[in-house]
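K.L.:
In the numbering used here, the protein residues as written are 463 to 816.
Sharing a structure below in structure tokens format, with a few things to ask.
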């Protein structure tokens, strides 16, 4: 199963809205005769790749896969049919598929055809690998990662409206890797006005368009923002309200002319996330600023926290990481601290994947 999990991770950043899945076929003598992983949505699933690699050696063998095999017709056929036809004698599954179209039915179909099924091997690792997919299936919203760069004393800028480089080049590159893996990235309008970012992936290859999102209740986003010069890099959503559109109809029209899509919500984070879930977004990276982080935190919608801390930078009079009662990093579950150049990455879960 650990081998299959490594295979599954090869699809990182490529398979959404589908999950990452790995599979391996083990012959009766313990020899691995076929490996496979899901490479892109709409292409064959991991089990099919592994079975094709194994060929006739799959007959009587064991298939080990990181997610319950599907049993329904989507853009590809049911994996259960391929497993049955290949003559597999046993299937070992890490975790059941929460998709209502599967949800145990895949394993039940295999058992009905005389195939022995074992589930729950490396279950937590498999759930963590696909935490975005699992969240979308169960809560109908994306998995939300709060990301920030902070000084040793927990400040993100020298003051309100002051653009302040804090973290090292190594941390910035790691942040770009995170951007390359998620479905969407979000900032608040205050961050857009101060930093004028383009919110693209730099120095790394990303095979899919990146959805860029600006939270802007009163529609203060300027049509001249650099973000709109990169419309070819991926969709740009401006999350606003009816009041915001009514207060600036000319700006709304100008933003749409520049390639933005206005997403009208009730003004709360939860309604926006539900809309993103309907659109198939599985993972959302919230980069800031502090007000947007606070809004997500207060709504209980932050699932994972990643903070790059620069131990040699101190900004005692600066802008705090989050106003009010933000996350206590030490209270996060599965907390890790990893050196990144001269910085450290503090990472943990608010909601542990399951």
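Glycine is no exception: its CB is placed at the ideal position from the N, C-alpha and C atoms.
Which full runs of the beta strand (DSSP E) of 3+ residues lie inside the stretch 499–550, going along the chain?
P.N.:
524–527
K.L.:
Do the stretch 608–618 and the stretch 579–596 make contact, defined as three or more Cβ pairs closer than 8 Å?
P.N.:
At 8 Å Cβ cutoff, the stretches do not touch.
K.L.:
Looking at residue 484 and the ligand SAH, is the gap between the Cβ and the nearest heavy atom below 6 Å?
P.N.:
With respect to the ligand SAH, the structure shown offers nothing to examine, as it has no ligands at all.
K.L.:
Residues in its own chain within less than 7 Å of residue 651 by CB, not counting five upstream and five downstream?
P.N.:
Once the five neighbours on either side are set aside, the close Cβ partners of residue 651 are 676, 677, 678, 682 and 683.
K.L.:
Going by C-alpha distance, which of 808, 574 and 764 is nearest residue 552?
P.N.:
Closest option to residue 552, Cα to Cα, is 574.
K.L.:
Which value, in whole angstroms, describes the spacing of the CA atoms of residue 793 and residue 636?
P.N.:
If you take the alpha carbons of residue 793 and residue 636, they lie about 24 Å apart.
K.L.:
For my contact list, residue 647 and residue 749 are in at a C-beta cut-off of 8 Å; report their separation, rounded to the angstrom.
P.N.:
6 Å
K.L.:
Do the stretch 558–575 and the stretch 723–732 touch if we need at least three Cβ pairs shorter than 8 Å?
P.N.:
no
K.L.:
According to the neighbour-count rule (16 or more other Cβ atoms, all chains shown, within 10 Å of its Cβ), is residue 795 buried or exposed?
P.N.:
Around the Cβ of residue 795, a 10 Å sphere holds fewer than 16 other Cβ atoms; the residue is exposed.
K.L.:
Under three-state DSSP, which class holds residue 675?
P.N.:
Residue 675 falls in the strand class under three-state DSSP.
K.L.:
Let me make sure I understand the geometry here. Which of 621, 643, 735 and 762 has the alpha-carbon closest to that of residue 779?
P.N.:
Cα-wise, what sits closest to residue 779 is 621.
K.L.:
Contact defined as beta carbons within less than 8 Å: I believe residue 713 pairs with residue 595. What is the distance between those atoms, to the nearest angstrom?
P.N.:
Contact doesn't hold; Cβ gap of about 36 Å is too wide.
K.L.:
When burial is assigned at 16 or more other CB atoms within 10 Å of the CB, is residue 805 buried or exposed?
P.N.:
buried
K.L.:
Under 7 Å Cβ to Cβ from residue 710, same chain only, skipping five residues before and after it: list those, please.
P.N.:
681
K.L.:
Quick one: Cα of residue 477 to Cα of residue 502, how far?
P.N.:
4 Å
K.L.:
For a test of the three-state rule: what should DSSP assign to residue 766, helix, strand or coil?
P.N.:
In this structure, residue 766 counts as strand in the three-state DSSP scheme.
K.L.:
Please state whether DSSP places residue 807 in a helix, a strand or coil.
P.N.:
strand
K.L.:
So, at 7 Å on beta carbons, what are the nonlocal neighbours of residue 584 in its own chain, with the 5 sequence-adjacent residues on each side left out?
P.N.:
463, 464, 467 and 556
K.L.:
When you compare only the Cα positions, how much space is there between residue 762 and residue 703?
P.N.:
Answer to the nearest angstrom: the Cα atoms are 21 Å apart.
K.L.:
What does a CB cutoff of less than 6 Å around residue 597 pick up in its chain, not counting 5 residues either side in sequence?
P.N.:
The residues are 605.
K.L.:
Can you tell which of 505, 535, 534 and 491 has its C-alpha closest to the C-alpha of residue 521?
P.N.:
491
K.L.:
Can you name the residues that DSSP bridges to residue 578?
P.N.:
552
K.L.:
Sort 815, 772 and 782 by Cα distance to residue 623 and report the nearest one.
P.N.:
782
K.L.:
Which stretch, first to last residue, makes up the alpha helix (DSSP H) that contains residue 733?
P.N.:
Bounds of the alpha helix (DSSP H) holding residue 733 are 731–740.
K.L.:
Is DSSP giving residue 618 helix, strand or coil here?
P.N.:
strand
K.L.:
By DSSP's criteria, residue 628 is part of a beta bridge. Which residues make up the other side?
P.N.:
Partner(s): none; residue 628 has no beta bridge.
K.L.:
I'd like the list of long-range same chain contacts for residue 770, defined as Cβ closer than 6 Å, with 5 residues on each side in sequence excluded.
P.N.:
611, 629, 633, 805 and 807
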